[in-house]
Amino acid sequence: MKRLTVFIFFISISVLLNQAYAQSQGCKFAGKVTDEHGQAIELASVSLNNSLVAFTNKDGLFEFLNVPAGRYDYRITFVGYETVSGVVAINAHTPQLKVQMRELGLQLKTVEVTARQQAMGSKSLIGQDAIRHIQPKSVTDILQLVPGNLIENPTLNKLAQAHIREIDGDRNNALGALVVVDGTPVSNDANLQVLGTARFRASSGAQADGMGDQTTAGRGADLRTVSAGNVESVEVIRGIPSVEYGNLTSGMLIVKTKMGYTPWEVKAQADPFSKLLYVGKGFNLKRGGAVNFSADWSQSWADTRKHSNGYDRLTFTGGYSKTAGRNTFSIKGAFYSNVNNRKDDPQYREMQLRFTNKNIGTRLSVSGKYHARSTFLSALLYNLSLQYSKTTDQHDNLVSNPDGVITDVRTPGIHPAIFKNKSYFSKYEILGAPLNLYGQVVGNKYLQLGTANYTNVKLGVEFVHSANHGKGLLFDMQNPPQSMGTQTLRPRAFKDIPALNTLSAFVSDKLSLQVFQRHLTVEGGLRVSNLFLNKRKSGGKRGMFVAEPRLNASYTLLDKTCNSWIDELSLTGGYGISNKMPTLMYLYPDNVYYDNVCLSKYGEREEDRLALLQTDVIGQVGNPDLMPTHTQKWECGLTFRIGKVRGFVTYYNERHHHEFGFESRLYWNRYPKFSLPVEATLPKYHEETGDVSYLHNGVRMMAGKTEQVDMSTWSRPTNNTRSHKHGIEYGIDLGSLSLLRTSLSINGAWFHTERTDEKDQLRYVDYNYDYVPVMPSGSGYIRDRVNSTFRFVTHVPAVKMVFTTAVQVVWYESERAVYKQPDGKSRYHQFTYEGHEYLGVAPIGYYTRDGHYYPWSADAERDVVRQRMMGRYYLYDFEKDVTHPWVLLSLRFTKEIGKVAELSFTANNFPNVSRWHTNPHSLSRTQLYSAPYFGAEVKIKL
10 MKRLTVFIFF ISISVLLNQA YAQSQGCKFA GKVTDEHGQA IELASVSLNN
60 SLVAFTNKDG LFEFLNVPAG RYDYRITFVG YETVSGVVAI NAHTPQLKVQ
110 MRELGLQLKT VEVTARQQAM GSKSLIGQDA IRHIQPKSVT DILQLVPGNL
160 IENPTLNKLA QAHIREIDGD RNNALGALVV VDGTPVSNDA NLQVLGTARF
210 RASSGAQADG MGDQTTAGRG ADLRTVSAGN VESVEVIRGI PSVEYGNLTS
260 GMLIVKTKMG YTPWEVKAQA DPFSKLLYVG KGFNLKRGGA VNFSADWSQS
310 WADTRKHSNG YDRLTFTGGY SKTAGRNTFS IKGAFYSNVN NRKDDPQYRE
360 MQLRFTNKNI GTRLSVSGKY HARSTFLSAL LYNLSLQYSK TTDQHDNLVS
410 NPDGVITDVR TPGIHPAIFK NKSYFSKYEI LGAPLNLYGQ VVGNKYLQLG
460 TANYTNVKLG VEFVHSANHG KGLLFDMQNP PQSMGTQTLR PRAFKDIPAL
510 NTLSAFVSDK LSLQVFQRHL TVEGGLRVSN LFLNKRKSGG KRGMFVAEPR
560 LNASYTLLDK TCNSWIDELS LTGGYGISNK MPTLMYLYPD NVYYDNVCLS
610 KYGEREEDRL ALLQTDVIGQ VGNPDLMPTH TQKWECGLTF RIGKVRGFVT
660 YYNERHHHEF GFESRLYWNR YPKFSLPVEA TLPKYHEETG DVSYLHNGVR
710 MMAGKTEQVD MSTWSRPTNN TRSHKHGIEY GIDLGSLSLL RTSLSINGAW
760 FHTERTDEKD QLRYVDYNYD YVPVMPSGSG YIRDRVNSTF RFVTHVPAVK
810 MVFTTAVQVV WYESERAVYK QPDGKSRYHQ FTYEGHEYLG VAPIGYYTRD
860 GHYYPWSADA ERDVVRQRMM GRYYLYDFEK DVTHPWVLLS LRFTKEIGKV
910 AELSFTANNF PNVSRWHTNP HSLSRTQLYS APYFGAEVKI KL
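Residue numbers (our numbering): 10 to 951.
This is the structure:
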């Protein structure tokens, strides 16, 4: 609450300052942007102090009205051209600014093929030169330039998701990484491609056959749907984003696609595992404005011998942009689809298994900026978007049914069942139709505070609607897909699930001041959001409300005015709170169905057959205690520049609470078991009494009846894990050695991740065992990794060539399983079970078959039967496994051929190094190096 008060005070002071200067006289600032040949460049972006933005018209002209007098940093960018920046003093007599932009190419003296650290906050900006040098197949391939990330072989065969400050992929880390394309968040919140949450949790398959490998329910968006060929730049915010962005925890990616005139570009990529074709072009229109389009087709296989395990993609993008006076307007659309989606393999046909994953979708956005002539607002920004897709998971296989009976009822009670073969063919489909509507309106007011100081206040409102209008899970009830167990499935329509509606508002201020003759920049704000829920279907919750204050700051400690050798030394830092709301899958799980066999009497004659199943239905499956994932971050660091040398170092600390998952819930199945002699005939169920009779030697008799009690578990969405992450990120660019035409940049990180359960959990032991223990929280792992990547970039402008040698060194890597108490002490102790020594974790209690709960005691641990409930671990299970240093080499080469062609080549692990790491405790082995990879790209520009 104290921090929140500080933020509100900060915003209030900024608003007062705005009002104090609101009556100041504004100036006009105009200019013209052309290329090297004097041709006007339309739709070039011109920004002042990174706050005021205008775009050039068809004549290359731009203008700012009502600009307070003062000194401004300007920055001009356009796709395919080198960025131009400088300082301008604006007053009533400032002449028109004339700027010539140079086309990007390897003939330029400076080419930036690495990620550039931004001035404030943990942000990496990856520009066009770096993107084309990487030769990405998806946006995730670009992330290898981010400090701490490792070099990986590009592929489309597996899910492409954003993982930020993460050693390995994690479902919640990907879910909490916000991806924004041209101002529009790419949402996956309405994805419901799961077979049944109560039994199979977040999987679309009932078995490990690869069916669920392509689905992203409960995860982040699949970035393979965003064509990397049409990307102009990617900004990765590793730390604390602005309050303009919400519903995130890990960080975010801001992807900007091409806008404005671009030449024809045709390129082909190939490697032993994939191929890609791309074409794109941007046209200037006679009446002003520009149209852009691109298309690509790509295909990838994990194993070239098995083309069934592949991924095929087809994408189209298009856009229209126009500047009218000082106002801008843009429409952008995208289409993506799996082309060859049928996974059909001779080996699978022998197993009588076939499955399909299909995803077809579109995105459409309308955005722009309106500049009013009044002084009340500097600009009004708006963004409206629609995202819609059709997702299909289809599965065919042979199902074994040991009980030989099935039912299609949905109401609880004992019902006649259907005799079925012990094995049969089953087919199910999961048909989803996720829909996301997004709208945001932001007004900002910029004011100059004296000559060099300024403040920029933003106030915005945002609304998000997420729903799924698909037909849902479909299958023939006479041939159900489940194979074993009493917990069964029923078809479910996704369109009956309530939609998610989120309303948000935010206020932020960016303040730039001279303090003690040094530059201070502070950007802070507050965001509030409310998720509206269906109380009846969500477990009793009407909604979820969150408040998120955030702050980033930078202060210049040293510059050229106070010393002779350090150009700039700045202290950076930030603090922020963010939250990720639950998705539809977590908020509205499916009902739970149990079908227990009461009688299965099969006779040669139809009238001598009778099968009875008791169906139990659990309808209240929503979790009333479910809450958003909550994250607190703080970080501090230094940035510096000494001549050509520049660098940064940042310490970060993140605590993620209430991460999403599933918990096991215990259910007592109580049902009757009827026994009949083999020679019994004409069995009959008496619904009014709940008894079964049969005919024996001409006499009708009552069947034997016993009460059966089974303990079963089902899965419910919950918040069950927490993560504590801290570490150091660093980067240094040593500049270029002119004699060798080679520059050296180094970046890397120390990542420390501790991820543990934050809730007690059931541990199901055995069907015939009379106890189910409740295990304490605290189980998890601790992982560390220290790595550096040395990039030697040789650039020869005379021959239009750039060559990069990357040396990736993993200095240290370790992993250790933990089971901790809240005070940090270990929960396990050594004990003897069946004559062997183990490390044991005692339950906090246990349930019995008769429905009672008992707390754990020392007597239970000594009891031969009940000590089986102890969590047993080998004596080495909690020992640390340390991996010794290892080095990976990577080469990248790009050569321009005249002005019309470009050739690129990539080689990862080209010495074909193979090294296995053996865990000295468990003796398990892990391959450290990826397989050698060689890829090439040919590009034609017209």
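For every residue, glycine included, the Cβ atom is placed at its ideal position computed from N, Cα and C.
Counting only runs of 4+ residues, the alpha helix (DSSP H) found wholly inside the segment 860 to 909 occupies 867 to 871, in chain order.
Restricting attention to E112, R208, N66, the CA atom closest to the CA of R499 is found in R208. A straight-line Cα-Cα distance of about 24 Å links L937 and G319. With a 10 Å radius around the Cβ and a threshold of 16 neighbouring Cβ atoms, A215 comes out buried.
A direct Cα-to-Cα measurement between W759 and W820 gives close to 10 Å.
Relative to the Cα of N347, the nearest Cα in the group R322, E557, R335 belongs to R322.
Residues of the same chain with a CB within less than 6 Å of the CB of I246, apart from the 5 flanking positions on each side, are K132, G260, M261 in chain order.
Looking at the DSSP output, Q449 bridges to N392, E471. The Cβ atoms of Q717 and N678 sit closer than 9 Å to each other. When secondary structure is reduced to three states using DSSP, M594 falls in the helix class. At least 9 Å separates the beta-carbon of Y790 from that of V816. It is roughly 20 Å from the alpha-carbon of E577 to the alpha-carbon of E644. Taking one beta carbon from each stretch, the segment 873 to 888 and the segment 823 to 838 have 3 or more pairs nearer than 8 Å; the two touch. Counting the other CB atoms within 10 Å of its CB gives R174 a total of 16 or more, which places it among the buried residues. Assignment of H102 by DSSP, reduced to helix, strand and coil, places it in the coil class.
Your pair D402 and M486 does not check out as a contact, with CB atoms roughly 19 Å apart and the cut at 8 Å. In the DSSP secondary-structure assignment, Y778 is not bridged to any residue. The Cβ neighbour count for A139, taken over all protein chains shown within 10 Å, is at least 16; the residue is labelled buried. Every beta strand (DSSP E) of 3 residues or more that sits fully in the segment 265 to 347 is shown, in chain order, as 271 to 280, 283 to 293, 299 to 310, 319 to 333, 336 to 347. For L937, there is no enclosing beta strand (DSSP E), since its DSSP letter is neither H nor E.
Of the residues R363, G452, G413, the one whose Cα lies closest to the Cα of S387 is G452.
As computed with DSSP, Y254 is found in no beta bridge at all. Taking 3 residues as the minimum length, the beta strand (DSSP E) runs contained wholly in the segment 629 to 668 are 638 to 651, in order along the chain. Within the segment 26 to 93, the beta strand (DSSP E) runs of at least 3 residues that lie entirely inside it are, in chain order, 35 to 44, 54 to 57, 61 to 64, 70 to 77, 79 to 86. Distances from the alpha-carbon of D604 to those of T659, Y611, S94, L621 put L621 closest. Per the Cβ contact rule, the segment 78 to 89 is in contact with the segment 454 to 466 (3 or more Cβ pairs under 8 Å). Within the segment 685 to 718, the runs of beta strand (DSSP E) at least 3 residues long that lie entirely inside it are, in chain order, 690 to 695, 700 to 705, 708 to 711. C571 is classed as exposed because its beta carbon has fewer than 16 other beta carbons within 10 Å across all chains shown. Counting the other Cβ atoms within 10 Å of the Cβ of P156 gives 16 or more, which makes it buried. Burial check for L184: the Cβ neighbour count within 10 Å reaches 16 or more, so the residue is buried.
Three or more Cβ pairs closer than 8 Å define a contact, and the segment 549 to 563 meets that threshold against the segment 530 to 537. In the assembly as shown, Q830 is an exposed residue. Its beta-carbon has fewer than 16 other beta-carbons within 10 Å. For E241, the secondary structure class from DSSP, reduced to helix, strand or coil, is strand. Judged by beta-carbon spacing, P425 lies within the 9 Å limit of L619, meaning their Cβ atoms are closer than that value.
For F209, no beta strand (DSSP E) segment is defined; the enclosing uninterrupted segment is the alpha helix (DSSP H) at 206 to 209. Residue range 137 to 143 is occupied by the alpha helix (DSSP H) that includes Q137, with no beta strand (DSSP E) assigned at that position.
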